[in-house]
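For the sequence shown, the UniProt record's numbering assigns the number 1 to the initial residue and increments by one for each residue that follows. Accompanying notes for the structure given below.
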Amino acid sequence: MSVYLRAALGLLPLGTRPDRLPSHTLTRKNLAVDRARLARYDRVCGFRLGDALPPTYPHVLAFDLVMELMTARAFPFPVVGLLHVTNRIEVLRPLTADDRLDLAVHAVDLRDHPRGRQFDIDVTVTVDGEVAWRSRSAYLRRERASGTPRADRPDLPAPSARWRLTPAIGPEYAAVSGDHNPIHLSWLGARAFGFPGPITHGMWTLARALAALEGRLPVTGVIEAEFRRPVPLPSVVDFGTDLHRLAVTEPGTGKPYLTARVGP
């Protein structure tokens, strides 16, 4: 059964869901990196072809485990409708296609949020028993109106490039990431879930921004990203950076779609 069929079934009233996150951890051991898939990912996101894993690539490798966890009936919310709002990545040592990876995924910190409830998904990658990469992704379950809107004009680096995004980005990224959420793939699929048209995968937007700085960022460190608004497809967006901050914004208004910080 596909993950999105399980996700759709999760919307059906098939019993009461628990009011807590599952306590178990899902794991995958001794995972080999598929070089052909890595090359396709590099092309779709704008990275140079090579054996080095981009800092966002382990997120793709863990996607199946994350979806297995979040589509289970023991999870407190249906996965459909959840918003990926932030992502924190720690690269503790460079990873390459030669490494054999052990993955671990679990959910933590269910908490209240002004717009509903929020929780985190932690992913850890170890190589030969040593933690090499980890991430924490925050997801929001909207249960009420947002109330007073926050200021949408943070201090951002000035735009230095303009990108034209085509509708093909959605299916191309889905093919390499395994994330076939219909909101990214078609107008009909997007409208079925309340969007006027298809939107980019947030992790594609982050990967594309980091690819623009490839070779200029340290090979280890922390990346903290906030997905502030959906990026429509097709669209034109601006990109700006001072090497410590990244921003993908709407031309003309300067409203941010993505903001990120990179540091040690």
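Beta carbons: idealized from backbone N, C-alpha and C, even for Gly.
Does the beta carbon of Cys45 sit closer than 8 Å to a beta carbon anywhere in chain C? The chain inventory of the structure shown lacks chain C, comprising one protein chain alone.
Of the residues Glu250, Gly81, Ala74 and Val33, which one's Cα is nearest the Cα of Asp19? In the sequence shown, residue 19 corresponds to position 19, counting from 1. Among Glu250, Gly81, Ala74 and Val33, the Cα nearest to that of Asp19 belongs to Ala74.
Beta-carbon proximity check, Pro54 vs Phe47, cutoff 8 Å: As a position in the sequence shown, residue 54 is number 54, starting the count at 1. As a position in the sequence shown, residue 47 is number 47, starting the count at 1. The Cβ-Cβ distance between Pro54 and Phe47 falls below 8 Å.
Over what stretch of residues does the alpha helix (DSSP H) that includes Arg43 continue unbroken? In the sequence shown, counting from the first residue as 1, residue 43 sits at position 43. Per DSSP, Arg43 belongs to the alpha helix (DSSP H) from Arg35 to Cys45.
Can you tell me where the alpha helix (DSSP H) holding Phe227 begins and where it ends? Residue numbering aside, residue 227 sits at position 227 when the sequence shown is read from its first letter. According to the DSSP assignment, Phe227 belongs to no alpha helix (DSSP H) but to the beta strand (DSSP E) extending over Gly221 to Phe227.
Counting only the same chain and skipping the five closest in sequence on each side, list residues whose C-beta sits under 7 Å from that of Arg208. Residue 208 sits at position 208 when you count from the first residue of the sequence shown. Excluding positions up to five away in sequence, the list reads Cys45 and Gly46.
Which listed residue (Arg136, Leu26, Ala39 and Gly116) has its alpha carbon closest to that of Glu143: Residue numbering aside, residue 143 sits at position 143 when the sequence shown is read from its first letter. Nearest neighbour of Glu143 by Cα position, chosen from Arg136, Leu26, Ala39 and Gly116, turns out to be Gly116.
Could you spell out where the alpha helix (DSSP H) holding Arg208 opens and where it closes? Numbered from 1 along the sequence shown, position 208 holds the residue referred to as residue 208. Unbroken alpha helix (DSSP H) run through Arg208: Gly202 to Ala211.
Pick helix, strand or coil for Arg115, following the three-state DSSP scheme. The residue labelled residue 115 in the question sits at position 115 within the sequence shown. Coil.
Beta carbon of Val248 nearer than 8 Å to that of Thr205: Taking the first residue of the sequence shown as position 1, residue 248 is located at position 248. Taking the first residue of the sequence shown as position 1, residue 205 is located at position 205. Cβ distance < 8 Å, so Val248 and Thr205 count as in contact.
Among Pro76, Thr96 and Gly81, which one has its Cα closest to the Cα of Ala107? As a first step, residue 107 must be located in the sequence shown, where it is residue number 107. In this structure, Pro76 is the residue among Pro76, Thr96 and Gly81 with its C-alpha nearest to the C-alpha of Ala107.
Where Leu258 and Leu49 are concerned, what is the direct C-alpha to C-alpha distance, given to the nearest angstrom? Position 258 of the sequence shown, counted from the first residue, corresponds to residue 258. Position 49 of the sequence shown, counted from the first residue, corresponds to residue 49. So the two alpha carbons sit approximately 25 Å from each other.
Could you round the C-beta distance between His201 and Ser186 to whole angstroms and report it? I think they count as a contact, below 8 Å. The sequence position of residue 201 within the sequence shown is 201, counting from 1. The sequence position of residue 186 within the sequence shown is 186, counting from 1. The Cβ separation is near 14 Å, so there is no contact.
Just to confirm before moving on: does the CB-CB distance between Glu224 and Arg88 stay below 8 Å? In the sequence shown, the residue the question calls residue 224 occupies position 224. In the sequence shown, the residue the question calls residue 88 occupies position 88. Yes, the Cβ-Cβ distance between Glu224 and Arg88 is below 8 Å.
Determine the closest residue to Glu226 out of Thr86, Val60, Asp42 and Tyr41, with distance taken between C-alpha atoms. The residue given as residue 226 occupies position 226 in the sequence shown. Ranking the options by Cα distance to Glu226, first place goes to Thr86.
Less than 7 Å between C-beta atoms, sequence neighbours within five positions excluded: which residues of the same chain meet that for His244? Sequence index remark: in the sequence shown, residue 244 carries index 244 (1-based). The residues Arg261, Val262 and Gly263, in chain order, have a CB closer than 7 Å to that of His244 in the same chain once the five nearest residues on each side in sequence are set aside.
Rounded straight-line distance, which links the Cα of Pro218 to that of Asp51: The residue labelled residue 51 in the question sits at position 51 within the sequence shown. The residue labelled residue 218 in the question sits at position 218 within the sequence shown. The straight-line gap from Cα to Cα measures roughly 17 Å.
Just grab the DSSP bridge partners of Arg88 for me. Translated into the one-based positions of the sequence shown, residue 88 becomes position 88. Its beta-bridge partners are Arg136 and Glu224.
Taking buried to mean at least 16 other C-beta atoms within 10 Å of its own C-beta, is Gly240 buried or exposed? Taking the sequence shown and counting its residues from 1, the one referred to as residue 240 is at position 240. Buried.
For Asp102, three-class secondary structure by DSSP: Here residue 102 refers to the residue found at position 102 of the sequence shown. DSSP places Asp102 in the strand class (E or B) of the three-state scheme.
Starting from the Cα of Gln118, find the closest Cα among Val105, Glu130, Ala39 and Leu140 and give me that residue. As a first step, residue 118 must be located in the sequence shown, where it is residue number 118. Nearest option by C-alpha distance: Leu140.
When the Cβ atoms of the region 96-115 are set against those of the region 152-170, are three or more pairs found closer than 8 Å? In short, these stretches do not touch, since the Cβ pair count stays below three.
Leaving out five residues before and five after Pro198 in sequence, what residues of the same chain have Cβ atoms less than 8 Å from its Cβ? Locating residue 198 in the sequence shown gives position 198, counting from the first residue. Apart from the 5 residues on each side of it in sequence, Pro198 sits with its Cβ closer than 8 Å to the Cβ of Pro167, Gly170, Ile183, His184, Leu185, Ser186, Trp187, Gly189, Ala190, Pro232 and Leu233 in its chain, given in chain order.
With distance defined between alpha-carbon atoms, name the residue in Phe195, Trp163 and Arg216 nearest to Val237. Position 237 of the sequence shown, counted from the start, is the residue given in the question as residue 237. Of Phe195, Trp163 and Arg216, the smallest CA-CA separation from Val237 is found for Trp163.
For Arg93, I'd like the list of residues in its chain whose CB is within less than 7 Å of its CB, leaving aside the five on either flank, ordered along the chain. Reading the sequence shown from its first residue, position 93 is the one you call residue 93. Ala132 and Thr220.
Look at the Cβ atom of residue 331, then the Cβ atom of Ala161, and state whether they are nearer than 8 Å. Residue coverage of the chain in this structure runs from 1 to 264, which leaves residue 331 outside it and unanswerable.
For Phe239, list the residues DSSP reports as bridge partners. As a working note, residue 239 is residue 239 in the sequence shown. Phe239 pairs with Ala161 and Val248.
Would the beta-carbon of Glu90 fall within 8 Å of that of Val222? Indexing the sequence shown from 1 puts residue 90 at position 90. Indexing the sequence shown from 1 puts residue 222 at position 222. Contact: yes.
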